[in-house]
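With numbering that gives the first Met the number 0 as the guide, the letters of the sequence shown map in order to residues 0 to 222.
Note that CB positions come from ideal geometry on N, CA and C, so glycine has one too.
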Amino acid sequence: MSINVNNLNLELKEIDAIHSSSLIEKEQRQKDDELNDIKFKLSQSQNKLEQTQAEFELKLQSEKEKHLLQLEKERQMNNILLEKERKKAQLEIQEKELELEDKRNQVEYIRKQQIVELLKTEEGKIAENPEMWYSLQKLVENTKALSLKEQQSFAQDFIKSLFNTKQSYQQGQINTFKKVVEKVFNIQIPDYDDTSSNPIADTIKNFTDTILKPSSDDKKHEE
C-alpha cells in the first residue's frame, strides 16, 4: 500500500511539473505576444512618424519652391520696370541732346545770317554779282543742319570751284568772295590754281541745285 502511495505522489509531482511547465510556456507565449504587439505598435508609430516627416518635408519643399518662384517673378518684374525706366531715361536724354543740337544749329545759322548781312554792306563787290550773293545765301541756309566740319568742307569746295573757273570772274571778286566765306564759316581757304574751264554759271548751278539742295531729311529737320 505504501508503494502505491509513493508511486501516486511521484505521478502527482510529474503532473504538477508538467502543469507548471505548461503554465510557464503559456506565460512565455503571452509575454511574447505582448512583446510582439508592442513591437508592432512601435513599428506602426515609426512608420507613421516617417510618413508624417516625409509629408512635412514635401510641404516644406513645396512652400519653398512657391516662395522662390514668387521671388523670381518679383525679380523679373523689377528688371522689366528698371529696363523701362532705363529706356525712358535714355529717350529723354536723346531728346534733350536733339533739342540742344537743334538750338546749336539755330544759333549758328542765325550767327551766319547776321555775318552775311553785315558783310553784304561792308563788301560791296559781293552785292555787285547777284549769282555769287545768292550762292552764299544758299550755302549758309542749306548747310545749317550739317556739322561745323561738314559746313566748312562744303564752303571750301565751293570756293575751290570758283578758283577753278576764275576766268569768268575778275580775280578781285573771287578773292573778296573768298574772304566773306572765310568769315562766315570761320575757316582759312587757300588760293587754288586754274584746273578747269567750266563756266562759273555751271559751277554755281551745280552747288545750288545739286550739292546744296536740301535732302528729304533736311526738309523734315527744317519743318
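* Asked: My guess is that phenylalanine 184 and alanine 144 are in contact by the Cβ rule of under 8 Å, so how many angstroms apart are they, rounded?
  -> Position 185 of the sequence shown holds residue 184. Position 145 of the sequence shown holds residue 144. Actually they do not touch by this definition, with Cβ atoms about 15 Å apart.
* Asked: Can you tell me the Cα-Cα spacing of leucine 138 and glutamine 112, whole angstroms?
  -> Residue mapping note: residue 138 aligns to position 139 of the sequence shown, counting from 1. Residue mapping note: residue 112 aligns to position 113 of the sequence shown, counting from 1. Rounded to the nearest angstrom, the two C-alpha atoms are 11 Å apart.
* Please determine, among Leu147, Glu98 and Gln75, the residue with the shortest C-alpha to C-alpha distance to arginine 110. => Numbered from its first residue, the sequence shown carries residue 110 at position 111. Per the C-alpha coordinates, the member of Leu147, Glu98 and Gln75 positioned closest to arginine 110 is Leu147.
* Asked: Taking all protein chains shown into account, do 16 or more other C-beta atoms lie within 10 angstroms of the C-beta of leucine 97, making it buried, or fewer, making it exposed?
  -> Taking the first residue of the sequence shown as position 1, residue 97 is located at position 98. Burial call: exposed.
* Asked: In this structure, does DSSP put alanine 144 in helix, strand or coil?
  -> Along the sequence shown, read from residue 1 onward, the residue named residue 144 stands at position 145. Note: alanine 144 maps to coil in three-state DSSP.
* With DSSP collapsed to three states, give me the class of isoleucine 37. => Counted from its first residue, the sequence shown places residue 37 at position 38. In the structure shown, isoleucine 37 adopts helical secondary structure according to DSSP, grouped into three states.
* Asked: Taking 7 Å as the cut-off, does the CB of glutamate 98 come closer than this to any heavy atom belonging to the ligand ADP?
  -> With respect to the ligand ADP, the structure offers nothing, as it holds no ligand at all.
* Asked: Residues in its own chain within less than 8 Å of isoleucine 92 by CB, not counting five upstream and five downstream?
  -> Taking the sequence shown and counting its residues from 1, one reaches residue 92 at position 93. Same-chain partners within the cutoff: there are none.
* Please confirm whether isoleucine 188 and valine 179 have their CB atoms less than 8 Å apart. => Translated into the one-based positions of the sequence shown, residue 188 becomes position 189. Translated into the one-based positions of the sequence shown, residue 179 becomes position 180. It is not a contact, given that the beta carbons lie outside the stated cut-off.
* For glutamine 187, the three-state DSSP class (helix, strand or coil) -> By one-based count along the sequence shown, residue 187 stands at place 188. Here glutamine 187 carries a coil assignment [DSSP, helix/strand/coil].
* My guess is that glutamine 150 and threonine 142 are in contact by the Cβ rule of under 8 Å, so how many angstroms apart are they, rounded? -> Here residue 150 refers to the residue found at position 151 when the sequence shown is read from its first residue. Here residue 142 refers to the residue found at position 143 when the sequence shown is read from its first residue. Confirmed, Cβ separation roughly 4 Å.
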